[in-house]
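Peer 1: Take the sequence shown: its position 139, counting from 1, is numbered 143 in our numbering, and each next residue is one higher.
Yeah, the Cβ is synthetic: ideal placement off N, Cα and C, and Gly gets one too.
Keep in mind it's a predicted model, so treat the numbers as computed, not measured.
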Amino acid sequence: MSFSHTFVVPSYNQADFIGKTIESLLRQDLPGSEIVVSEDFSNDHTMQVLTTFGDRIRVVRPPEHRGMAFNWNWGVSQARTDWVSIMGADDLALPHFVRTLQAGVRRNRGAVLASGDVEQIDGAGTVVRSDGTVTARPVTRPPDTFYRLLAANRVQVAAHCFRRDAWEKVGGFETRLRLYGDWGLWLKLSPLGDFVHVRKIIAQYRIAYRPGIAKQRLPESLRDDADVQCMLIPEVAKAMRGVNPQRLRKSSRQRFRAVLAEAAAMLSVSERGFAVDLLRDWARGIGADKQLEAFAAGRPVSPGWQGSAVRRGLRQLYRTLRPAG
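1. Provide the residue span of the beta strand (DSSP E) that contains Gln208, from first to last.
2. Which stretch, first to last residue, makes up the alpha helix (DSSP H) that contains Ala239?
3. Extract the residue ranges of the alpha helix (DSSP H) inside the stretch 246 to 288, only unbroken runs of 4 or more that lie entirely within it.
4. May I ask you to report which of helix, strand or coil DSSP gives Val80?
5. If you draw a straight line from the C-alpha of Asp44 to the C-alpha of Glu239, how long is it?
6. Can you find the residues in the same chain that come closer than 8 Å, C-beta to C-beta, to Tyr209, ignoring five residues on each side of it along the sequence?
7. Terminal residues of the continuous beta strand (DSSP E) containing Ala115?
8. Measuring only the C-alpha atoms, how far is Ser46 from Ala19?
9. Please report how far the alpha carbon of Trp286 lies from the alpha carbon of Ala262, in whole angstroms.
10. Check whether the Cβ atoms of Ala279 and Phe299 sit closer than 9 Å, and answer yes or no.
11. Check this for me: beta carbons of Phe177 and Val80, under 9 Å apart or not?
12. Can you give me the Cβ contacts of Gly289 inside the same chain, cut-off strictly under 7 Å, excluding the 5 residues immediately before and after it?
13. Rounded to whole angstroms, what is the Cα-Cα separation between Phe21 and Val63?
14. I believe Thr179 touches Ala73 by the beta-carbon criterion, under 8 Å. Please report the beta-carbon distance rounded to the nearest angstrom.
15. Exposed or buried, which one is Gln250 when buried takes at least 16 other CB atoms within 10 Å?
16. With DSSP collapsed to three states, give me the class of Val12.
17. Considering Cα atoms alone, identify which of Leu252, His201 and Gly23 is closest to Gln52.
18. For Ile206, count neighbouring C-beta atoms within 10 Å of its own C-beta (all shown protein chains included) and say buried if the count is 16 or more, exposed if not.
19. In chain order, what residues of the same chain have a beta carbon less than 8 Å from the beta carbon of Leu98, not counting five sequence neighbours either side?
20. Is Thr104 helix, strand or coil when you go by DSSP?
21. Have a look at Asn112 and Arg158 and give me their C-alpha separation to the nearest angstrom.
22. Quick check on DSSP: helix, strand or coil for Ile3?
23. Are Thr144 and Leu193 closer than 9 Å when you measure CB to CB?
24. Could you give the first and the last residue of the continuous beta strand (DSSP E) run that contains Arg167?
25. Determine which residues share a DSSP beta bridge with Ile39 and list them.
26. Quick check on Gln106: buried or exposed, where buried means 16 or more other Cβ atoms within 10 Å of its Cβ?
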């Protein structure tokens with residue numbers, strides 16, 4: 005199977021990091037990937053940084069500034085290859101990124117998506133932790149591709165590639181979502197073919213350098229969570245044969261508990277009104293009204309097994325003991 009490949013780097017006000025990101029893409033030990041920067045009208049010195057790379061990269065701009073998912077789709081539309089990876093303008097690809105994913109794709113002709121693992125780094129580039137998708141199989145086939153994505157986004161946004169023709173077939177990244185456009189795309193791709201996962205760290209995902217960003221983005225993330233569960237998952241389910249409605253409901257309730265617990269950790273009781281409003285329809289649809297009432301009243305909210313300390317400990321132990329891919 006051929007593997008023509010493009011890195012698309014969506015960029016908006018990341019001048020302090022984008023140079024190192026592009027350098028990491030140029031240092032691939034399997035050369036030949038196109039590098040397209042979709043520059044979303046930054047008002048910092050991003051363009052000055054990009055000009056230093058000359059014709060080693062191609063810089064494009066969308067017709068207008070309309071947000072993250074729109075810019076991602078614009079960048080992918082400019083790619084000239086069969087496979088595309090989105091690489092955040094503050095993230096880094098390790099030298100074996102392309103070679104690793106190419107090998108994964110070539111082992112499975114039915115693949116529409118391939119992914120690896122990441123390390124999380126802070127603003128200074130110090131490794132915070134490894135973040136592997138510890139339970140992922142080497143190959144996941146429909147409908148399990150869909151089921152595995154119901155309660156969480158299990159594809160690393162900084163360590164993937166997808167077929168461009170599959171992206172086009174499903175209408176691209178989900179522009180109805182504000183922050184979870186990638187999760188939306190993986191869900192829409194899930195009926196189309198196999199997901200390949202290589203248990204190897206191939207990228208570094210930058211976190212924890214913008215204090216307070218999680219709370220600042222909470223209204224958007226809550227809206228996205230509700231829209232994924234109430235709108236997008238039911239839409240995709242219609243394209244899958246034999247989907248179990250009870251499994252959808254169970255996963256949605258699982259996600260709801262985790263979202264409530266995360267919001268409770270960020271918000272005082274007096275701050276929770278907007279969250280209650282955003283989550284009310286979702287709660288009603290899955291019979292979780294009492295959980296939402298408990299959250300609103302400030303009573304303890306359990307994240308369930310998925311968010312438990314025991315599960316986190318077991319995941320870390322598995323990461324430590326598992327063989328490298």
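Peer 2: Reading from the atomic positions:
1. The count along the sequence shown starts at 1 and reaches residue 208 at position 204. Asp198 to Arg210 is the span of the beta strand (DSSP E), which, as asked, contains Gln208.
2. For the purposes of this step, residue 239 is taken as the residue at position 235 of the sequence shown. Here residue 239 turns out to be Glu, not Ala, going by the sequence shown. Residues Ile237 to Ala241.
3. Within the stretch 246 to 288, the complete alpha helix (DSSP H) runs of at least 4 residues are 249 to 270.
4. For the purposes of this step, residue 80 is taken as the residue at position 76 of the sequence shown. Helix, per DSSP.
5. Position 40 of the sequence shown, counted from the first residue, corresponds to residue 44. Position 235 of the sequence shown, counted from the first residue, corresponds to residue 239. The straight-line gap separating the alpha-carbon atoms of Asp44 and Glu239 is approximately 30 Å.
6. As a position in the sequence shown, residue 209 is number 205, starting the count at 1. Here the set comprises Gly92, Asp95, Val122, Glu123, Gln124, Ile125, Asp135, Gln160, Val161, Ala162 and Ala163.
7. On the sequence shown, residue 115 is found 111 positions in, with the first residue counted as 1. Its beta strand (DSSP E) spans residues Ala115 to Ile125.
8. Translated into positions along the sequence shown, residue 46 becomes position 42. Translated into positions along the sequence shown, residue 19 becomes position 15. One C-alpha to the other measures close to 9 Å.
9. Here the question's residue 286 lines up with position 282 in the sequence shown. Here the question's residue 262 lines up with position 258 in the sequence shown. If you take the alpha carbons of Trp286 and Ala262, they lie about 13 Å apart.
10. Taking the sequence shown and counting its residues from 1, the one referred to as residue 279 is at position 275. Taking the sequence shown and counting its residues from 1, the one referred to as residue 299 is at position 295. Their beta carbons are under 9 Å apart, which means Ala279 touches Phe299 by this criterion.
11. Looking up residue 177 in the sequence shown gives position 173. Looking up residue 80 in the sequence shown gives position 76. Yes; because the gap between Cβ atoms is below 9 Å, this pair is in contact.
12. As a working mapping, residue 289 is identified with position 285 in the sequence shown. The beta carbon of Gly289 sits closer than 7 Å to those of Cys234, all from its chain and outside the five residues before and after it, given in chain order.
13. As a working note, residue 21 is residue 17 in the sequence shown. As a working note, residue 63 is residue 59 in the sequence shown. Looking at the two C-alpha atoms, the distance is approximately 16 Å.
14. What you label residue 179 is simply residue 175 of the sequence shown in a count that begins at 1. What you label residue 73 is simply residue 69 of the sequence shown in a count that begins at 1. With 8 Å as the limit, Thr179 and Ala73 qualify as a contact, their Cβ atoms being about 5 Å apart.
15. Within the sequence shown, the letter at position 246 stands for residue 250. Per the 10 Å Cβ criterion, exposed.
16. Within the sequence shown, numbered from 1, the residue matching residue 12 stands at position 8. Strand.
17. Counting from one through the sequence shown, the residue named residue 52 turns up at place 48. The residue from Leu252, His201 and Gly23 with its alpha-carbon nearest to that of Gln52 is Gly23.
18. Working through the sequence shown from its first residue, we reach residue 206 at position 202. Its Cβ being crowded by 16 or more others within 10 Å, Ile206 is buried.
19. Sequence index remark: in the sequence shown, residue 98 carries index 94 (1-based). If we look at Leu98 and ignore the five residues flanking it on each side, its Cβ neighbours are Ser28, Ile205, Ile206, Ala207 and Gln208.
20. Your numbering for residue 104 matches position 100 in the sequence shown. Of the three classes helix, strand and coil, the one that applies to Thr104 here is helix, per DSSP.
21. Locating residue 112 in the sequence shown gives position 108, where the first residue counts as 1. Locating residue 158 in the sequence shown gives position 154, where the first residue counts as 1. When only Cα atoms are considered, Asn112 and Arg158 end up about 19 Å apart.
22. Limits of the chain in this structure are 5 at one end and 329 at the other, which puts residue 3 out of reach.
23. By 1-based counting over the sequence shown, the position of residue 144 is 140. By 1-based counting over the sequence shown, the position of residue 193 is 189. Cβ distance not < 9 Å, so Thr144 and Leu193 don't count as in contact.
24. Position 163 of the sequence shown, counted from the start, is the residue given in the question as residue 167. His164 to Arg167 is the span of the beta strand (DSSP E), which, as asked, contains Arg167.
25. Position 35 of the sequence shown, counted from the start, is the residue given in the question as residue 39. In the DSSP assignment, Ile39 is bridged to Phe11.
26. Taking the sequence shown and counting its residues from 1, one reaches residue 106 at position 102. Taking a 10 Å sphere around the C-beta of Gln106, we find 16 or more other C-beta atoms and assign the residue as buried.
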